[in-house]
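Chains as they are written, first to last, in my numbering: chain C, 53 to 152; chain G, 3 to 642; chain L, 64 to 267; chain A, 165 to 540.
Each residue gets a CB set at the ideal place from its N, CA and C atoms; glycine is no exception.
Heads up: the structure comes next, in structure tokens.
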């Protein structure tokens with residue numbers, strides 16, 4: 053039978069993969085995607101807990117996470133668009149005007 | 003805080019007495035100019051008149067042994083320690099109420115005329131009403147804290163009013179002087195309050211309420227009480243211009259004359275006396291303090307009188323005479339005759355206010371001239387002022403059947419019968435000097451040939467009715483107010499009985515009427531001699547008035563006020579400023595700023611190193627963030 | 064008159080459970096494990112491990128593919144797999160929402176932006192930094208994983224009622240105890256919409 | 165247990181078969197219909213012995229054969245994998261949507277009670293929308309994979325248009341859901357068996373003789389919702405008047421310029437499958453699904469008294485038949501629309517979606533909610 057910590061470990065792995073994406077990708081859109089991936093890993097833990105503890109709250113919080121994710125994606129993409137307009141690039145490592 | 007006294011009843015009319023002047027003050031402050039200057043003044047006077055009417059009502063309604071209380075709300079509440087904003091009226095307060103509001107009302111009327119030509123008299127009336135408010139707070143407060151608030155408030159108003167004509171730098175300096183000297187006194191005062199509260203609190207009684215204090219002070223051991231009373235007396239000395247803190251009062255004459263009359267003669271300066279009377283239950287437990295007070299009172303009386311002998315400024319003379327009269331009051335307090343002290347406060351309020359207002363009327367007529375050497379022969383020009391002035395002079399000199407006669411002789415008799423013969427003799431001589439300088443002033447101002455310069459003489463005139471009416475009322479008061487406290491061999495005193503519920507059974511020894519009369523006759527003799535001296539020297543005032551240039555050593559010392567100001571300047575002010583400039587030049591720039599700047603520089607150095615962590619690359623930040631998170635997670639993992 | 068008596072016996076008949084894919088999984092699992100004697104793991108485990116493997120692979124593709132559109136498609140796949148996981152966990156409602164919101168809306172938005180900007184050049188990669196980031200993330204996984212292997216983690220899910228994860232259940236807790244967060248979330252979305260319009264608008 | 169699985173499989177296969185064939189038939193009907201409208205003869209080549217009436221039959225075979233035998237062209241600079249994947253993604257959602265659409269009431273076989281619906285999901289309608297929202301990928305990916313500026317434009321247009329209209333579509337249905345109080349389509353259909361008379365509030369009882377005899381179908385309870393839903397659904401199918409993604413006159417053929425042969429067939433079939441799905445949804449939500457007025461499980465019961473009892477199997481056949489007829493009707497309605505209405509301009513499409521349908525749908529929701537709060 054599948055125990056709770058199977059799901060937890062799975063989500064941990066997915067989360068870590070998302071972190072890799074955030075850290076190393078040099079394309080803002082992909083970075084944003086990786087963030088979505090991390091959010092999904094968290095959602096997975098929520099759902100697993102709500103299933104194994106038999107409470108609805110986990111699913112409700114997933115609902116809210118989705119709302120936040122949608123907002124975050126929309127705003128992020130809007131920012132990306134306006135950035136891309138100013139400097140024809142999506143590379144986060146070229147956007148360092150705020151360094152020392 | 004309901005008092006255990008059976009006869010203490012709630013009576014919430016009281017709060018209006020201080021409130022009305024406050025409201026008037028605030029209204030004038032904001033809308034006074036829109037209202038028109040004359041109207042603003044009238045409003046202010048009306049407000050004080052209203053609280054005067056209230057005071058009279060309360061005075062008549064008040065039962066002989068009653069205390070009326072009006073608790074507005076609980077101001078401070080900390081555990082069992084509770085201070086309410088609440089007023090009380092008993093016999094003592096009732097008297098003070100009459101003085102403050104009554105004299106205050108008259109002086110407001112007078113000011114309508116006196117300040118008629120001043121530009122911003124709206125501000126003047128705002129201050130004046132504010133003063134009345136604080137004074138009422140002082141005398142009506144039923145606990146030390148409210149009394150202290152009033153105490154500070156009147157100090158503030160006095161400062162504001164002394165510096166009222168702030169265009170002249172000297173006035174502001176005088177204001178500062180008064181304020182600072184009062185600070186010294188108030189420091190002692192509040193220290194006294196602290197000690198009192200903490201000591202009682204150690205006994206488990208957390209209160210500032212007078213009635214409760216009166217019940218509980220017995221708990222304290224005498225040494226503590228002495229300490230407390232001495233500290234409180236420092237405050238009183240500051241406020242009531244006793245040695246060595248009297249120096250501010252003469253300079254306070256820089257303010258407008260009505261202010262001098264109201265604040266610096268009739269009401270505020272007597273606050274110290276009121277406070278001691280209010281806390282008499284403390285003071286009578288500390289005989290040492292009482293002795294100290296008596297000595298200082300007598301000394302002040304004598305000392306100020308000697309200075310007053312030679313002054314040429316009409317208001318300075320009155321100022322020093324005020325100081326010396328206050329000395330009398332504290333002499334009375336010192337010999338434990340609180341009722342008598344208050345009695346003298348009462349009478350003195352009348353004639354000293356009358357004198358000040360009279361001098362004010364003279365100054366007004368002369369267009370601001372204050373030097374008596376440039377006056378003389380004004381009798382003809384301003385009869386009303388002259389006659390009222392004469393009456394007041396007789397009263398302060400203590401001519402029989404005037405107010406001063408009764409009160410001053412009562413003080414002297416109390417002193418004598420208290421056994422303090424030395425103090426009594428000093429008081430006696432002072433009485434003589436009082437007569438001398440007062441009549442000297444009278445002659446120099448009103449008699450002899452007129453030395454007024456032509457320009458001022460052109461429009462020399464009697465003051466308008468609004469100014470002379472208060473003069474007449476006060477003159478009448480300075481005769482009849484004393485009759486309340488006549489000695490036994492006359493119709494006897496009703497005063498003592500009135501104050502008995504508050505101050506306890508009076509300690510006046512009426513044992514030997516003969517001795518009392520002998521003492522009185524002795525005093526009269528001194529007074530008459532003083533008068534004759536003045537009469538001989540100053541009747542037809544000529545050369546002598548200008549002759550302060552010569553004169554003996556004693557004359558010089560007296561004329562220069564014993565060099566007290568110079569001494570203070572040398573002994574206190576200069577070292578203080580020197581210390582201050584030392585701190586300003588050495589400590590502040592080098593030590594303080596050095597430390598602060600040093601910290602800043604170090605921070606900048608370090609941040610110059612660390613700032614290279616800020617690569618501006620989001621992913622680097624994320625990596626650092628993740629590293630930190632990893633460290634934390636690893637730590638918790640170790641915990642598991 | 065009608066309508067009340069129309070609820071058929073079918074709805075609580077034996078046929079009812081099998082109409083629900085969740086029961087379908089478990090029925091199928093029992094069948095299979097009954098047929099082929101696989102002692103080691105039952106059908107549910109098989110399904111879980113299958114989905115887990117696919118999920119990990121697609122996530123890795125999201126991160127390591129070089130073409131943005133390929134990344135997006137991989138992400139869509141991952142999201143759908145997560146949705147299926149939700150369904151197997153008795154959260155059909157959330158699963159459907161996952162498909163609608165993520166796969167249906169958010170990812171389409173991503174694709175829309177990708178085509179709108181159409182970034183032609185594939186991104187250059189920088190070896191050191193890639194290695195470093197990867198190592199960090201692997202460490203993260205290594206730290207997280209043991210934290211989750213706890214003894215008291217429930218081995219078996221509780222017996223779920225028919226209504227568990229149903230829209231009714233979700234709605235009940237959403238509109239009773241979580242009504243304030245719900246409203247706040249709606250405001251958040253409104254703000255996000257306006258903000259996006261303002262940001263992405265080409266200023267004249 | 166095995167039997168249950170078998171039954172489900174059979175139901176799924178049956179539905180799939182029906183939908184795909186319907187799509188094929190619609191291909192022929194569209195040709196003939198357009199010819200009818202445009203006063204042409206239309207498809208008449210695929211005839212057997214000159215008897216074109218059988219054209220229907222062999223069109224079903226001829227069309228796929230024709231497509232499958234054509235060359236499958238893949239643009240060299242394109243993305244081969246996604247180019248192959250896109251048509252599947254276009255066809256798949258249209259087919260699976262039918263899983264939750266009930267095509268009949270329960271069928272009694274022996275002691276077994278079979279619900280005539282592939283999947284009985286308590287999230288039913290949401291499942292429909294989820295699948296519908298997946299339909300975008302076919303276009304977008306296809307457009308991007310075939311490296312062609314026209315198709316890219318078509319893809320961008322398509323994604324924007326579909327996202328916009330999904331919102332209006334979803335909101336327009338909510339009124340219906342509130343009325344019937346469930347998300348599950350079978351329940352919705354069963355809810356439509358009652359008569360309006362049973363729903364009338366007391367103060368409207370005087371209307372009873374007028375409308376009381378009407379069945380409580382969505383069209384009567386939510387007419388506005390029907391209009392909105394149908395419009396949005398037609399827009400979702402990307403057919404004229406909403407065929408901006410593939411507008412021939414502007415973008416040669418939009419997102420499937422570069423498609424040919426079997427892959428194009430899949431796009432083609434996907435489009436017709438979508439038509440069928442839309443028809444099925446409209447039928448289910450607004451026209452009582454498999455309901456026939458006054459037909460209950462044991463026969464007809466007329467509100468004006470009198471009844472006509474039928475055997476259960478006959479009832480089932482009547483229901484399925486009714487459902488099929490209704491679906492056919494709405495497919496035909498869409499084809500009619502496609503050949504009679506001119507194409508919008510793109511900004512008009514957007515304005516219609518965002519400034520007309522969306523506010524109207526919201527208004528409908530509010531009004532319905534108020535009605536429900538007031539009278540139930």
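Item checked: Contact list for residue 635 of chain G against chain L, beta-carbon separation under 8 Å -> Taking the first residue of the second chain as position 1, residue 635 of chain G is located at position 633. The answer, in chain order, is 203, 206, 207, 210.
Checklist line | Residue nearest to residue 342 of chain G in terms of C-alpha spacing, selected from G:412, G:296, G:573 | finding: Position 340 of the second chain, counted from the start, is the residue given in the question as residue 342 of chain G. For the residues G:412, G:296, G:573, the minimum Cα distance to residue 342 of chain G belongs to G:412.
Check: When the distance is taken between beta carbons, is residue 94 of chain G closer than 8 Å to residue 279 of chain G?
Finding: For this step, residue 279 of chain G is matched to residue 277 along the second chain. For this step, residue 94 of chain G is matched to residue 92 along the second chain. Yes, the Cβ-Cβ distance between residue 279 of chain G and residue 94 of chain G is below 8 Å.
Note to self: On the DSSP letters alone, give me the boundaries of the beta strand (DSSP E) that residue 472 of chain A sits inside.
What the structure shows: Within the fourth chain, numbered from 1, the residue matching residue 472 of chain A stands at position 308. 471 to 473 is the span of the beta strand (DSSP E), which, as asked, contains residue 472 of chain A.
Notebook entry, point to check: Interface residues of chain C around residue 251 of chain L at Cβ under 8 Å?
Noted result: Counted from its first residue, the third chain places residue 251 of chain L at position 188. Going along chain C in sequence order, the residues near residue 251 of chain L (Cβ under 8 Å) are 119, 120, 123.
Check: I think residue 129 of chain C touches residue 176 of chain L, with their Cβ atoms under 8 Å apart; what is that distance to the nearest whole Å?
Finding: For the purposes of this step, residue 129 of chain C is taken as residue 77 along the first chain, with counting starting at 1. For the purposes of this step, residue 176 of chain L is taken as residue 113 along the third chain, with counting starting at 1. The pair is a contact, with the Cβ atoms about 5 Å apart (cut-off 8 Å).
Note to self: Relative to the C-alpha of residue 189 of chain G, which candidate in G:237, G:227, G:218, G:217 has its C-alpha closest?
What the structure shows: Stepping through the second chain from its first residue, residue 189 of chain G is reached at position 187. Of the candidates G:237, G:227, G:218, G:217, the one whose C-alpha sits nearest the C-alpha of residue 189 of chain G is G:237.
Next item on the list: Tell me where the alpha helix (DSSP H) around residue 364 of chain A begins and ends.
Entry: Counting from one through the fourth chain, the residue named residue 364 of chain A turns up at place 200. Looking at the DSSP string, residue 364 of chain A is not in any alpha helix (DSSP H), and its letter there is neither H nor E.
Next item on the list: With a floor of 4 residues, list each alpha helix (DSSP H) that falls wholly inside the region 474 to 533 of chain G, ordered by position along the chain.
Entry: 497 to 505
Next item on the list: Note down, in chain order, every chain L residue with its Cβ under 7 Å from the Cβ of residue 328 of chain A.
Entry: Taking the first residue of the fourth chain as 1, we reach residue 328 of chain A at position 164. By Cβ distance, chain L contributes nothing, its closest Cβ being about 11 Å from residue 328 of chain A, past 7 Å.
Checklist line | Collapsed DSSP secondary structure at residue 236 of chain L in the structure displayed | finding: Position 173 of the third chain, counted from the first residue, corresponds to residue 236 of chain L. The answer is helix: DSSP assigns residue 236 of chain L an H, G or I state.
Check: If we count the other Cβ atoms within 10 Å of its Cβ and call it buried at 16 or more, is residue 273 of chain G buried or exposed?
Finding: Numbered from 1 along the second chain, position 271 holds the residue referred to as residue 273 of chain G. So residue 273 of chain G ends up on the buried side.
Check: In three-state DSSP terms, what is residue 207 of chain G?
Finding: Sequence index remark: in the second chain, residue 207 of chain G carries index 205 (1-based). Reduced to three states, the DSSP call for residue 207 of chain G is coil.
Next item on the list: Report the rounded CA-to-CA distance for residue 388 of chain A versus residue 203 of chain A, giving the unit in angstroms.
Entry: To locate residue 388 of chain A, count along the fourth chain from 1; it is residue 224. To locate residue 203 of chain A, count along the fourth chain from 1; it is residue 39. Rounded to the nearest angstrom, the two C-alpha atoms are 34 Å apart.
Next item on the list: Could you run through the region 53 to 67 of chain C and flag, in chain order, every residue whose CB is less than 9 Å away from some CB of chain L?
Entry: 53, 54, 55, 56, 57, 58, 59, 60, 61, 62, 63, 64, 65, 66, 67
Check: Given that residue 628 of chain G touches chain C, what residues does it touch there, using C-beta distances under 8 Å?
Finding: Numbered from its first residue, the second chain carries residue 628 of chain G at position 626. 71, 75, listed in chain order.
Notebook entry, point to check: So, does the CB of residue 100 of chain L fall closer than 8 Å to a CB anywhere in chain G?
Noted result: Here the question's residue 100 of chain L lines up with position 37 in the third chain. The pLDDT assigned to residue 100 of chain L is 45, lower than 50, so where the model puts this residue is not dependable; a value taken from the coordinates is nonetheless given after this. For residue 100 of chain L, the answer is no, since every Cβ of chain G falls outside 8 Å of its Cβ.
Margin query: Using only the alpha-carbon positions, how far apart do residue 43 of chain G and residue 460 of chain G sit?
Written below: Translated into the one-based positions of the second chain, residue 43 of chain G becomes position 41. Translated into the one-based positions of the second chain, residue 460 of chain G becomes position 458. Approximately 29 Å, taken between the alpha carbons.
Margin query: On the DSSP letters alone, give me the boundaries of the alpha helix (DSSP H) that residue 255 of chain L sits inside.
Written below: Here the question's residue 255 of chain L lines up with position 192 in the third chain. Counting along the chain, the alpha helix (DSSP H) containing residue 255 of chain L begins and ends at 242 to 263.
Next item on the list: Measure the Cβ-Cβ separation of residue 299 of chain G and residue 340 of chain G and say whether it is below 8 Å.
Entry: Here the question's residue 299 of chain G lines up with position 297 in the second chain. Here the question's residue 340 of chain G lines up with position 338 in the second chain. No, the Cβ-Cβ distance between residue 299 of chain G and residue 340 of chain G is not below 8 Å.
Next item on the list: Compute the Euclidean distance between the alpha carbons of residue 385 of chain G and residue 319 of chain G, then round it to the nearest angstrom.
Entry: Numbered from 1 along the second chain, position 383 holds the residue referred to as residue 385 of chain G. Numbered from 1 along the second chain, position 317 holds the residue referred to as residue 319 of chain G. Each residue's Cα considered, the two are about 22 Å apart.
Notebook entry, point to check: Got a sec, what are the start and stop residues for the alpha helix (DSSP H) residue 91 of chain G sits in?
Noted result: Start at 1 with the first residue of the second chain, and residue 91 of chain G comes out as number 89. Residue 91 of chain G -> not in any alpha helix (DSSP H); beta strand (DSSP E) instead, spanning 83 to 91.
Item checked: Stretch-stretch touch, CB-based, cutoff 8 Å, three pairs: the region 249 to 267 of chain G with the region 162 to 180 of chain G -> yes
Notebook entry, point to check: In this structure, does DSSP put residue 277 of chain A in helix, strand or coil?
Noted result: Start at 1 with the first residue of the fourth chain, and residue 277 of chain A comes out as number 113. Three-state result, residue 277 of chain A: strand.
Checklist line | Cα-Cα separation, residue 635 of chain G to residue 97 of chain C | finding: Translated into the one-based positions of the second chain, residue 635 of chain G becomes position 633. Translated into the one-based positions of the first chain, residue 97 of chain C becomes position 45. When rounded, the distance between both Cα atoms is 18 Å.
Notebook entry, point to check: Taking 8 Å as the CB-CB cut-off, is residue 199 of chain L touching chain G?
Noted result: For the purposes of this step, residue 199 of chain L is taken as residue 136 along the third chain, with counting starting at 1. Interface residue, yes.
Next item on the list: Name, in chain order, the residues that DSSP records as bridge partners for residue 75 of chain G.
Entry: In the second chain, the residue the question calls residue 75 of chain G occupies position 73. DSSP, once it has assigned bridges, lists G:87 as partnering residue 75 of chain G.
Next item on the list: Verify the CB distance criterion: does residue 229 of chain L have a CB-CB separation below 8 Å to chain A?
Entry: On the third chain, position 166 is the one that residue 229 of chain L refers to. For residue 229 of chain L, the answer is yes, since a Cβ of chain A falls inside 8 Å of its Cβ.
Notebook entry, point to check: Is the CB of residue 640 of chain G under 8 Å away from at least one CB in chain L?
Noted result: Here residue 640 of chain G refers to the residue found at position 638 of the second chain. Closer than 8 Å: no.
Next item on the list: For residue 529 of chain A, name the three-state secondary structure that DSSP assigns.
Entry: Your numbering for residue 529 of chain A matches position 365 in the fourth chain. Note: residue 529 of chain A maps to helix in three-state DSSP.
Note to self: My assumption, with CB atoms under 8 Å, is that residue 64 of chain G sits in contact with residue 74 of chain G. Please give the rounded CB distance.
What the structure shows: For the purposes of this step, residue 64 of chain G is taken as the residue at position 62 of the second chain. For the purposes of this step, residue 74 of chain G is taken as the residue at position 72 of the second chain. Rounded, the Cβ-Cβ distance is 20 Å, inconsistent with contact.
Notebook entry, point to check: Got a sec, what are the start and stop residues for the beta strand (DSSP E) residue 379 of chain G sits in?
Noted result: The residue you call residue 379 of chain G lines up with position 377 of the second chain. Premise fails: residue 379 of chain G is in no beta strand (DSSP E) and is neither H nor E.
Next item on the list: Could you tell me which of G:51, G:92, G:26, G:172 sits nearest to residue 503 of chain G, measuring between CA atoms?
Entry: Position 501 of the second chain holds residue 503 of chain G. Answer by Cα proximity: G:92.
Next item on the list: Give me the Cβ distance between residue 455 of chain A and residue 350 of chain A, rounded to the nearest whole Å; I'm assuming they're in contact under 8 Å.
Entry: Position 291 of the fourth chain, counted from the first residue, corresponds to residue 455 of chain A. Position 186 of the fourth chain, counted from the first residue, corresponds to residue 350 of chain A. About 11 Å separates the two Cβ atoms, so there is no contact after all.
Margin query: Quick check on DSSP: helix, strand or coil for residue 108 of chain G?
Written below: Walking along the second chain from the start, residue 108 of chain G turns up at place 106. Helix at residue 108 of chain G.
Next item on the list: Kindly indicate the opening and closing residues of the beta strand (DSSP E) around residue 370 of chain A.
Entry: Mapped onto the fourth chain, residue 370 of chain A falls at position 206. No beta strand (DSSP E) holds residue 370 of chain A; DSSP gives it neither H nor E.
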